[in-house]
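What follows is a short report on a single structure.
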Amino acid sequence: MKFNYQARTKEGSLQTGTVDASTREAALALLEKYGLYVTSLERAEAIPIFFRKVKLFQRIPSGEIVSFSRQLAIMFSSRIPVVEIFYTLAKQTRNSLLKEKIIEIAEDVEGGVPLSTALSKHPKLFNAFYVSMVKSGEVSGELSEVLNYLADHLERDSDFRSKVTGAMIYPAMVLLVVAVVIVVMAIFVIPKLGEMIKEMGVKTPFLTQVVLSFSDFLRKRAIFFVLAIAIFIFALFRYLKTESGKKTVDRISLKIPILSGFLQKLYLTRFAENLATLISGGLPIARALEITADIVGNSVYKSILLETREGVRRGEPISAILEKYPQVIPPLFTQMTLVGEKAGQVSPALMNIVGFYRRDVERT
Numbered sequence: 124m125k126f127n128y129q130a131r132t133k134e135g136s137l138q139t140g141t142v143d144a145s146t147r148e149a150a151l152a153l154l155e156k157y158g159l160y161v162t163s164l165e166r167a168e169a170i171p172i173f174f175r176k177v178k179l180f181q182r183i184p185s186g187e188i189v190s191f192s193r194q195l196a197i198m199f200s201s202r203i204p205v206v207e208i209f210y211t212l213a214k215q216t217r218n219s220l221l222k223e224k225i226i227e228i229a230e231d232v233e234g235g236v237p238l239s240t241a242l243s244k245h246p247k248l249f250n251a252f253y254v255s256m257v258k259s260g261e262v263s264g265e266l267s268e269v270l271n272y273l274a275d276h277l278e279r280d281s282d283f284r285s286k287v288t289g290a291m292i293y294p295a296m297v298l299l300v301v302a303v304v305i306v307v308m309a310i311f312v313i314p315k316l317g318e319m320i321k322e323m324g325v326k327t328p329f330l331t332q333v334v335l336s337f338s339d340f341l342r343k344r345a346i347f348f349v350l351a352i353a354i355f356i357f358a359l360f361r362y363l364k365t366e367s368g369k370k371t372v373d374r375i376s377l378k379i380p381i382l383s384g385f386l387q388k389l390y391l392t393r394f395a396e397n398l399a400t401l402i403s404g405g406l407p408i409a410r411a412l413e414i415t416a417d418i419v420g421n422s423v424y425k426s427i428l429l430e431t432r433e434g435v436r437r438g439e440p441i442s443a444i445l446e447k448y449p450q451v452i453p454p455l456f457t458q459m460t461l462v463g464e465k466a467g468q469v470s471p472a473l474m475n476i477v478g479f480y481r482r483d484v485e486r487t
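Numbering (the working numbering), first residue to last: 124 to 487.
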């Protein structure tokens, strides 16, 4: 439940706002932890349904999670009490949705819940990889180092998404330009050529007649053509949002000449880095493969990772499954993984792969 409050800061300035708490007493206690002296506290009225719907679309940018992780790491290394860290971060955070989540995490931690468990209650903000790494940091006592690594990892992940988006936009823009050129020629250029051919009295070949007929159709029924294109685009976008549509895009993107090689390197870098990090963090290989499958970002690689997980559970080596897919997993990747398995150094072998592909991507 929410409470509207008026309070004074330690400096004496007036502050107003809304706080989320289970009871009035809990709200008072929470505000006191912020260092506020409450002068008025009343239960807030129910939020109109319109504003609730608006809040559903409110997002927390990935940059804010990076900043949150970095600040958390610094405070942990400063030996500040855990609960105090979260209340301080909540006070500093401007994003109201993130502020709410941080307060919920703080309340869980204050109630004796491990940090990794508290974070796992917010999967849209902290995925399984993030939670698993925090858990390994709790066990090893190196939580500050883990959080710094996660901040770096999230920054690389944001860069990865930008590169994938950029790579996908290029062919889409080329197709759009080609379509515009075809329409402009069909409406303005081809009709004039048709008139010239008629004046010359030359017999038009079949293909030329088809082009002229198409041009005539566009000019006379342009509204219907535009409407048909709009319906097609709408239907296409609806389809691409479905699970089947996403899988289709993932498959096609890995088959487009030039683009496929670049995307393959990006996905393999993500594949290897996440898997290596989780294994070195002490996770069982099968569980590490499962988490990596959820965050790899492409359904083709996700399917391969899940199949590899099942193979590992049956006692098969990772490389034995990967070598079945030479179209999307190059022999070099499989061979280096095999060498790592034989040496009992899977994680270092995968990180060598990451270094190789990352340098290759930067040169592309």
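Virtual Cβ for every residue (Gly too), placed ideally from N, Cα, C. Keep in mind it's a predicted model, so treat the numbers as computed, not measured.
Please list, in chain order, all residues of the same chain as residue i whose beta carbon is under 6 Å from its beta carbon, the five residues on each side excluded.
| i | result |
| --- | --- |
| residue 415 | 397, 398, 428 |
| residue 241 | 228, 231, 232 |
| residue 368 | 362 |
| residue 179 | Below a pLDDT of 50, predicted positions are generally treated as unreliable, and residue 179, at 46, falls in that range; the measurement from the model is reported next regardless. Nothing listed; no residue qualifies. |
| residue 446 | 457 |
| residue 413 | 432 |
| residue 149 | none |
Could you tell me if residue i is buried or exposed, where buried requires 16 or more neighbouring beta carbons within 10 angstroms of its beta carbon?
| i | result |
| --- | --- |
| residue 228 | buried |
| residue 230 | buried |
| residue 213 | buried |
| residue 359 | exposed |
| residue 237 | exposed |
| residue 327 | exposed |
| residue 160 | exposed |
| residue 347 | exposed |
| residue 496 | Absent from the model: residue 496. The displayed extent of the chain is 124 to 487, so no value can be given. |
| residue 215 | exposed |
| residue 275 | exposed |
| residue 130 | buried |
| residue 172 | Unreliable positioning characterises residue 172 in this predicted model, as indicated by a pLDDT of 45, which lies under 50. The coordinate reading is nonetheless provided below. It is exposed - the Cβ of residue 172 has fewer than 16 other Cβ atoms within 10 Å. |
| residue 280 | buried |
| residue 476 | buried |
| residue 408 | buried |
| residue 468 | exposed |
| residue 411 | buried |
| residue 256 | buried |
| residue 293 | exposed |
| residue 404 | buried |
| residue 495 | Here the chain comprises residues numbered 124 to 487, so residue 495 is not present and cannot be evaluated. |
| residue 126 | buried |
| residue 435 | buried |
| residue 219 | exposed |
| residue 288 | exposed |
Along the chain, where does the alpha helix (DSSP H) that runs through residue i open and close?
| i | result |
| --- | --- |
| residue 357 | 345-363 |
| residue 91 | The displayed coordinates of the chain run from 124 to 487. Any statement about residue 91 would go beyond what the structure contains. |
| residue 147 | 147-156 |
| residue 262 | 251-263 |
| residue 276 | 266-307 |
| residue 394 | 382-403 |
| residue 463 | 454-466 |
| residue 425 | 422-436 |
| residue 379 | No alpha helix (DSSP H) holds residue 379; DSSP gives it neither H nor E. |
| residue 242 | 238-243 |
| residue 310 | First-last for residue 310: undefined, no H or E at that position. |
| residue 182 | Per DSSP, residue 182 belongs to no alpha helix (DSSP H) and is neither H nor E. |
| residue 412 | 408-418 |
List the whole-angstrom C-beta distance separating residue i from residue j, where the pair is believed to meet the contact cut-off of C-beta under 8 Å.
| i | j | result |
| --- | --- | --- |
| residue 270 | residue 209 | Residue 270 to residue 209, Cβ: 13 Å. No contact. |
| residue 459 | residue 443 | Between residue 443 and residue 459 the Cβ distance is about 14 Å, and since that is not below 8 Å, they are no contact. |
| residue 254 | residue 243 | 5 Å |
| residue 164 | residue 151 | 6 Å |
| residue 338 | residue 309 | 4 Å |
Identify, in the order they occur along the chain, each residue of the same chain with its Cβ nearer than 8 Å to the Cβ of residue i, setting aside the five sequence neighbours on each side.
| i | result |
| --- | --- |
| residue 394 | 415, 419, 424, 428 |
| residue 175 | Low confidence applies to residue 175: its pLDDT is 43, below 50, so where it sits in the model is not reliable, and the reading given next is rough at best. For residue 175, where only same-chain residues beyond five positions count, there are no Cβ hits under 8 Å. |
| residue 202 | none |
| residue 195 | 208, 212, 270 |
| residue 306 | 341 |
| residue 438 | none |
| residue 481 | 392 |
Can you give me the start and stop residues for the beta strand (DSSP E) that residue i sits inside?
| i | result |
| --- | --- |
| residue 127 | 125-131 |
| residue 165 | 160-166 |
| residue 142 | 137-143 |
Cutting at 7 Å between CB atoms, please list the residues of its own chain near residue i, excluding the five before and the five after it.
| i | result |
| --- | --- |
| residue 286 | 389 |
| residue 188 | 248, 277 |
| residue 372 | 363 |
| residue 154 | 128, 130, 142, 161 |
| field | Inside the segment 192-235 only - alpha helix (DSSP H) runs reaching at least 4 residues | value | Scanning the segment 192-235 for uninterrupted alpha helix (DSSP H) segments of 4 residues or longer gives 205-215, 219-233, listed from N- to C-terminal end.
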